Structure formats: C-alpha cells, structure tokens
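Q: Please see the structure below; I have some questions.
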Amino acid sequence: MKTAVISDTHNLLRSEAIGALQGCDLIIHAGDIGNPDILAQLSKIAPVHAVRGNNDLSSPWAKDLPDVLTCTLNGWHTLLIHDIADVPADLDPDIKLIITGHSHKPRIEWRGDRLYVNPGSAGPRRFKLPVTLAILEIQPDSIEPRLISLLDPPA
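Sequential numbering from 1 applies to the sequence shown in UniProt numbering.
Printed below as a string of structure tokens:
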C-alpha cells in the first residue's frame, strides 16, 4: 500500500507535490491545510484522511475535520494528529504508526516498535527548512518510509 503523508500546506499545493503523489493508494494530510480546495485537489489523486492543524481551527470549512484520527493502514494501527506534543502519554499499545506535522521539520524515527513520521512542510518554505513530504510503502509486516524533497535546499 503506497501512502503519501503531507502536512502544513498552508494554502499552497505545489505542482511538485502533486507529481510526487501520483500513484499513491491513500493520502494523509497531517494538518494546517489552509483551505478546502487543497483537500479537493488531493482527493482527485487518491482517498484522503486529514486532521485539522492549529491554523485550521478557526476556519468554518474545517469544523468537521477531526483533531485526532485513528485508522488501520494495511494492518498498522495508526494515530494521526497535527502536533506531536498532543500525542497521548498513555498511547494505546496497538498504535504502531504515529503521523504528525506542525514543526515543519521532517523526521522519520523508529522508537522501539513504533514509527514516528513527520513529513515536514509541503507548503511555503519556513526559514531554511526543507520542503518535503513522505511516502510510506506499507506492507502487513513492514513499512518502508522515505522523504521526498520537493524543492532544492535554500542556498
């Protein structure tokens, strides 16, 4: 199952992101979407799971989006939440994949048998941080995560 993870688009869905998402079975947006058109464009590529980010909270269009979403991706119990600081301390032991955004800093990290993925920001560049998204190749017994750089690093 090829799953794209994108976050912090902040009203900007880059053509490079659209190209990188082609062929995905599912797209996960980890918040700070910006406007509903972003989700509409993504849903033309693949089904979308999304949560609200802190910048989406006061937007009427985002009122029906959850702040936290749990789902199962090809056998992997998954928690999707915008800010890693909001991951519950008493996390269900069955959750093995945690997807966050917010920091704009891409990170793929195994902590024991749990995989933490922050795809970074795919929207406007912030400071000198990279512009990225993540692709997860999810099999019932393994996940192969990788970051995709959408723009050259800043000079």
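Positions of the beta carbon are idealized from the N, C-alpha and C atoms, including for glycine.
Values in this document were obtained by computation on a predicted structure and should not be read as measured data.
Given I28, which residues of its chain have a CB within under 8 Å of its CB, disregarding the five upstream and five downstream residues?
A: So the list reads T3, A4, V5, I6, V48, H49, A50, L80 and I99, once near-sequence residues are dropped.
Q: Apart from the five residues just before and just after D94, which ones in its own chain have a Cβ nearer than 6 Å to its Cβ?
A: The residues are H77.
Q: Is the distance from the Cβ of I45 to the Cβ of L13 below 8 Å?
A: Result no, Cβ atoms of I45 and L13 do not sit closer than 8 Å.
Q: Is it buried or exposed for S121, if we count other Cβ within 10 angstroms and need 16 for buried?
A: Buried, since its Cβ has 16 or more Cβ neighbours within 10 Å.
Q: Return the CA-CA distance between A62 and R114, expressed in angstroms with no decimal places.
A: Distance between the alpha carbons of A62 and R114: 29 Å.
Q: Compute the distance between the beta-carbons of P153 and L133, then report whether it is under 8 Å.
A: No.
Q: How would you call L42, buried or exposed, if buried means at least 16 neighbouring beta carbons within 10 angstroms?
A: That one is buried.
Q: Where does R52 land, buried or exposed, given buried means 16+ other C-beta within 10 angstroms?
A: So R52 counts as buried.
Q: If you compare alpha carbons, which of F127, V117, I138 and Q139 is closest to L147?
A: Ranking F127, V117, I138 and Q139 by Cα distance to L147 puts V117 first.
Q: Between which two residues does the beta strand (DSSP E) holding P106 run?
A: Run containing P106: none; DSSP gives neither H nor E here.
Q: Under the rule that 16 or more other beta-carbon atoms within 10 Å means buried, what is L151, buried or exposed?
A: L151 should be labelled exposed.
Q: Could you say which of L91, H104, N55 and L97 lies nearest to D141 if we only look at CA atoms?
A: Comparing Cα-Cα distances from D141 to each of L91, H104, N55 and L97, the minimum goes to L97.
Q: Measuring alpha carbon to alpha carbon, tell me which residue in L129, S149 and E137 is nearest G23.
A: It is E137.
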